[in-house]
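First to last, the sequence lines map onto chains A and B.
The first sequence begins at 149 in the numbering used here and counts up one residue at a time.
The second sequence begins at 86 in the numbering used here and counts up one residue at a time.
Have a look at the structure below before the remarks.
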Amino acid sequence: MSKQVVSLNRVVIRFAGDSGDGMQLTGDRFTSETAGLGNDLSTLPDFPAEIRAPQGTIGGVSAFQLAFADHDITTPGDVPNVLVAMNPAALKANIKDVPRGADLILNTDEFTKRNLEKVGYTSNPIEDGSLEPYKVHAIALTSQTVEALKGFDLSKKEAERSKNMYALGLLSWLYSRGADGTRSFLNKKFASKPEILAANLAAFEAGWSFGETTESFSVQYEIAPASLPGGTYRNISGNPALAFGLITASQRSGLPLFLGSYPITPASDILHELAKNHHFGVTTFQAEDEIAGIGAAIGAAYGGSLAVTTTSGPGVALKSEAIGLAVSLELPLIIVDVQRGGPSTGLPTKTEQSDLLQAMFGRNGESPVPVIAPQSPSDCFYAALEAARIAVEYRTPVFILSDGYIANGSEPWRVPSVDDLPSIDPDFATGLNHAKDDGTEEFWPYLRDPETLARPWAVPGTKGLEHRIGGLEKADGNGGISYDSDNHDTMVRLRQAKVDGIADTIADVVVDDPDGDARVLVLGWGSTYGPIGAACEITRRTGVSVAQAHLRHINPFPRNLGDVLRAYDKVLVPEMNLGQLAMLLRAKYLVDIQGINQVRGMPFKSTELVAAITAAIETLPGKTLHAETL
Amino acid sequence: MTDTYASLSLVPKTDIAITAKDFKSDQEVRWCPGCGDYSILSTVQGFLPELGLARENIVFISGIGCSSRFPYYMNTFGMHSIHGRAPAIATGLAISRPDLSIWVITGDGDSLSIGGNHLIHALRRNINLKILLFNNRIYGLTKGQYSPTSEQGKITKSTPEGSLDYAFNPVSLALGAEATFVARTIDSDRKHMTEVLRQAATHEGTALVEIYQNCNIFNDGAFEPLKDNDTRDDVMMRLVDGEPIRFGKDNEKGVIRTSEGHIAISETTRIGHDPLLVHDAHAKDPGLAFALSRLSNPRTLENTPIGVFRDVHRPSYDRLVREQIAEVIDKKGPGDLQSLLNGSDTWNVV
Chain A
149 MSKQVVSLNR
159 VVIRFAGDSG
169 DGMQLTGDRF
179 TSETAGLGND
189 LSTLPDFPAE
199 IRAPQGTIGG
209 VSAFQLAFAD
219 HDITTPGDVP
229 NVLVAMNPAA
239 LKANIKDVPR
249 GADLILNTDE
259 FTKRNLEKVG
269 YTSNPIEDGS
279 LEPYKVHAIA
289 LTSQTVEALK
299 GFDLSKKEAE
309 RSKNMYALGL
319 LSWLYSRGAD
329 GTRSFLNKKF
339 ASKPEILAAN
349 LAAFEAGWSF
359 GETTESFSVQ
369 YEIAPASLPG
379 GTYRNISGNP
389 ALAFGLITAS
399 QRSGLPLFLG
409 SYPITPASDI
419 LHELAKNHHF
429 GVTTFQAEDE
439 IAGIGAAIGA
449 AYGGSLAVTT
459 TSGPGVALKS
469 EAIGLAVSLE
479 LPLIIVDVQR
489 GGPSTGLPTK
499 TEQSDLLQAM
509 FGRNGESPVP
519 VIAPQSPSDC
529 FYAALEAARI
539 AVEYRTPVFI
549 LSDGYIANGS
559 EPWRVPSVDD
569 LPSIDPDFAT
579 GLNHAKDDGT
589 EEFWPYLRDP
599 ETLARPWAVP
609 GTKGLEHRIG
619 GLEKADGNGG
629 ISYDSDNHDT
639 MVRLRQAKVD
649 GIADTIADVV
659 VDDPDGDARV
669 LVLGWGSTYG
679 PIGAACEITR
689 RTGVSVAQAH
699 LRHINPFPRN
709 LGDVLRAYDK
719 VLVPEMNLGQ
729 LAMLLRAKYL
739 VDIQGINQVR
749 GMPFKSTELV
759 AAITAAIETL
769 PGKTLHAETL
Chain B
86 MTDTYASLSL
96 VPKTDIAITA
106 KDFKSDQEVR
116 WCPGCGDYSI
126 LSTVQGFLPE
136 LGLARENIVF
146 ISGIGCSSRF
156 PYYMNTFGMH
166 SIHGRAPAIA
176 TGLAISRPDL
186 SIWVITGDGD
196 SLSIGGNHLI
206 HALRRNINLK
216 ILLFNNRIYG
226 LTKGQYSPTS
236 EQGKITKSTP
246 EGSLDYAFNP
256 VSLALGAEAT
266 FVARTIDSDR
276 KHMTEVLRQA
286 ATHEGTALVE
296 IYQNCNIFND
306 GAFEPLKDND
316 TRDDVMMRLV
326 DGEPIRFGKD
336 NEKGVIRTSE
346 GHIAISETTR
356 IGHDPLLVHD
366 AHAKDPGLAF
376 ALSRLSNPRT
386 LENTPIGVFR
396 DVHRPSYDRL
406 VREQIAEVID
416 KKGPGDLQSL
426 LNGSDTWNVV
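Structural data, given as structure tokens:
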């Protein structure tokens, strides 16, 4: 029986269930099939910090949201068109985000009296009419899975575990996704457990057939491929993209990659990804603590490696003193901070942008460190390359501020050709560089390049260049210990000038104002790029002009940033903090920045940004409303 | 795995004759006159030429404290880092550079207080580092507070009524932290220190050398019973591998195993020399070495062993890291960047 096929432009699905229900895997598989069909997509995993939170509770709900479309999209969507809820907790935790008219696929088997009471339902929402505004598909997913697997030699509990594959099969049918990728994925994953493999495949097929035959779904949907620029694509999330960027920087510089790291959410996947790639000459060192992680990286940098430490906010706090040492030693070092909710342990699995001021100023003394931020999952690759360039060229630690949203979220990435990527020249010191009064030559470890102000990188083993460096203040040029007050003043200013001078090598900030007459600029940094872009587009569709710009470099800022800010009547800065970039901009440019701030642990919704942008435009002095809005 | 691996086999040799003088840097040494650090510096500078290594392949890394100024005075590569972190920094260098001879200079506060974590983890991993722990049982650079090796009841500026915390015994600590090489020596005994350094230098992995060092400003005479001609032989036992453990002016005392299985000091005049325990630094089980480290009285220093407590073979961590990487490259071939970036699941858009 074939059903009517309806074409859609864009769909947002949210899979939600208990932590043990396999929702992240289900989401990943659906994403992979969707990517293969050429749709543009964006994903948002959202899971609890506990590995196995108490079963059936709100706190234990794990969700995965995915938006896919026949056009270019930048966010995983504000609200889902379809919510798959594997239990009452998943329904309760997510229903507030679901708009009227959306589809709810509910696993009735789990809507038992006990499970309902556990999350505070006094009656069954499937039966009490409270879900009337939605299209409810009440399906006994668990028992139908068990029924489908009757012929297998599995316990009931084992059979029930395949219910996520049943749900995936159903959704795959509903949105005309393929099955080949999932089949080969399962084949690989359960190669050594043929019974489990067969069961999962059977559950997937059963879910698919159920969609075809059930009357609960009268239509099937299809979403045409998006028209993206030509090339080879893959799907990628931020943490592996960042790891790939680091490996690429190592290959393009000829420097062996060394990672010193201590496990921390949500940064550990970078350690995992690099550990899988030792055959690129990558060394991964899981240290005894955060300080040892960066300490080992500093030691490796001293020895001539491309050295990296990866962490999240609490780890940065512990590394602060060592970052100061790297500033003083002027050695190349990349510090990756995948930000999460703070302060203290905060919200380990939720996103935030609240480490910006820590990265800028969280050290003793005048201790400038360049800061750059990726704007999307795939952009983490290019941010890592850029961080490596600055670190090596300027002999300085560099911060990369990623965050939980782009670290775990994914999007299609047009894979670059390796030959097109820039190379990095380590330019190691090989000889003496300074003539003494008597004409003999010596080595000065702090004699700077006149253009970049970078000092020579002279690694142990280089004959004739033996020298001592340390955290004590050094004499300008020869690098010996110096307590001279004027020398200290000079050195502090030199270190600052070196970092400020990086602005000579970074691109101007580019403003996107298609109408050309915008009076309000929305400026962002990091992972807010997607939501801001979507909000600006929506705003423009209502006939209102608005300009958008996004910062890759936060320290130093691009040279033209002051002029850009001053060209607008109003500058809005959305941030997932209480106004940290806004504070920096106000201090440096004396521009009256208006912040849009939230710290709910989730990315901005485009709609809330549209509301804030529209409100800002409407309150402009002497505002003349656009023709269409009159 | 080869057993012939020595810690220095991958370090290039010097092609010119070098002497102690070549290891003196142009920096003026700024320790207090009379400090025990001077004799350690001069002993190290006097010893290094015999290793025959290229000077540019030797690195000294220190933390913070009086002893940690040491690298500035060595004409090698060197880093004066931050408090307690020298073993961590040296670990990164040792893993990535097998062609270096790396020495960590630290003190009792630096290594046992603020840096305790890095010390124990370097020891258990067996990183190819030689750690010289200058133990003066006091904080010198901050002007005289008690340290984690100060005896309980120590009167200092920060403990006017006497310190309350119990002291670490660095040798016991190291043995408990799975160390493969642990030794103790004294700043004033150049010959003994040189012999210990010699054994430490060629050991594969982490060698911890505790050096009793006198701070003549804030803790003068802390080790006097071990130095004074009248008391020295009576309180200090020199551990020599393969020799009975005995001491006293006429070897009238020795270490025996009691019927309960403990060890104890006995009089050879009464029992003779046959029952004495023979020192075996290479014993697989660290039990006896640990028992020996517990013999001394932390207050009076009676029954203090010096010498090499333990020297056993275990592959160093850094060597295992390099071998593992080589094995992976052997198995998978060197990485192909383009196929890494592409991954296994791509699609084409025209």
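The beta-carbon is built from N, C-alpha and C at its ideal position, and this holds for glycine as well.
Name the one or two DSSP bridge partners that residue i has.
{"i": "A:K283", "result": "A:D251"}
{"i": "B:D396", "result": "B:F266"}
{"i": "B:I190", "result": "B:S147, B:L217"}
{"i": "A:Q487", "result": "A:D551"}
What are the boundary residues of the alpha helix (DSSP H) that includes residue i?
{"i": "A:Q728", "result": "728-737"}
{"i": "B:F219", "result": "Where B:F219 is concerned, there is no enclosing alpha helix (DSSP H), although the beta strand (DSSP E) it sits in stretches over 215-220."}
{"i": "A:M130", "result": "Nothing can be reported for residue 130 of chain A, as the shown portion of chain A is limited to 149 through 778."}
{"i": "A:P388", "result": "386-401"}
{"i": "A:R641", "result": "633-649"}
{"i": "B:R210", "result": "201-210"}
When the cut-off is 7 Å and only beta carbons count, does residue i lie next to chain B?
{"i": "A:G165", "result": "no"}
{"i": "A:E469", "result": "yes"}
{"i": "A:I446", "result": "yes"}
{"i": "A:L390", "result": "no"}
{"i": "A:L156", "result": "no"}
{"i": "A:T380", "result": "yes"}
{"i": "A:Q102", "result": "Beyond the ends of chain A as shown, which are 149 and 778, falls residue 102 of chain A; an answer cannot be given."}
{"i": "A:Q152", "result": "no"}
{"i": "A:D437", "result": "yes"}
Just reading off the beta strand (DSSP E) that residue i is part of, what are its end residues?
{"i": "A:F216", "result": "209-217"}
{"i": "B:G163", "result": "162-165"}
{"i": "B:Y297", "result": "292-297"}
{"i": "A:W673", "result": "668-673"}
{"i": "A:K336", "result": "Run containing A:K336: none in the beta strand (DSSP E); it sits in the alpha helix (DSSP H), 328-337."}
With a threshold of 7 Å between beta-carbons, can residue i be considered close to chain A, or not?
{"i": "B:D250", "result": "no"}
{"i": "B:I414", "result": "yes"}
{"i": "B:K242", "result": "no"}
{"i": "B:Q423", "result": "yes"}
{"i": "B:G225", "result": "no"}
{"i": "B:T87", "result": "In this predicted model, B:T87 has a pLDDT of only 39, less than 50, meaning its place in the structure is not dependable; the value taken from the coordinates is given anyway. False, the Cβ-Cβ gap to chain A never drops below 7 Å."}
{"i": "B:G148", "result": "no"}
{"i": "B:N299", "result": "no"}
{"i": "B:G261", "result": "no"}
{"i": "B:N142", "result": "yes"}
{"i": "B:I302", "result": "no"}
{"i": "B:V434", "result": "yes"}
{"i": "B:N427", "result": "yes"}
So, are the CB atoms of residue i and residue j less than 7 Å apart?
{"i": "A:P604", "j": "A:A577", "result": "yes"}
{"i": "A:P593", "j": "A:A389", "result": "no"}
{"i": "B:I143", "j": "B:S94", "result": "no"}
{"i": "A:P496", "j": "A:A197", "result": "yes"}
{"i": "A:P560", "j": "A:A183", "result": "yes"}
{"i": "A:F300", "j": "A:A354", "result": "no"}
{"i": "B:P172", "j": "B:H165", "result": "no"}
{"i": "A:L669", "j": "A:V747", "result": "no"}
Contacting positions in the region 157-180 of chain B - beta carbon closer than 9 Å to chain A
Y157, Y158, M159, N160, T161, F162, G163, M164, H165, S166, I167, H168, G169, R170, A171, P172, A173, I174, A175, T176, G177, L178, A179, I180
Selection of the region 602-624 of chain A by Cβ proximity to chain B, strictly under 9 Å:
A606, V607, P608, G609, T610, K611, G612, L613, E614, H615, R616, I617, G618, G619, L620
Give me the subset of the region 404-423 of chain A whose CB atoms are less than 7 Å from a CB atom of chain B, sorted by chain position.
P404, F406, G408
Residues in the region 176-205 of chain B with C-beta within 7 Å of chain A's C-beta atoms, listed in sequence order?
Of all residues in the region 176-205 of chain B, T176, G177, L178, I180, S181, R182, D184, L185, N202, H203 have a Cβ within less than 7 Å of some Cβ in chain A.
Taking a cut of 8 Å between CB atoms, which residues from the region 91-122 of chain B lie near chain A?
P97, S110, Q112
Proximal residues, the region 518-537 of chain A versus chain B, C-beta separation under 7 Å
So nothing in the stretch comes that close.
Using a Cβ cut-off of 9 Å, which residues of the region 629-643 of chain A contact any Cβ in chain B, in chain order?
Taken in chain order, the members of the region 629-643 of chain A whose beta-carbon sits within less than 9 Å of a beta-carbon on chain B are I629.
What are the residues of the region 449-469 of chain A that lie near chain B, defined by any Cβ-Cβ distance shorter than 9 Å?
A449, Y450, G451, G452, S453, A455, E469
For the region 210-243 of chain A, list every residue whose C-beta sits within 9 Å of some C-beta in chain B, in sequence order.
none
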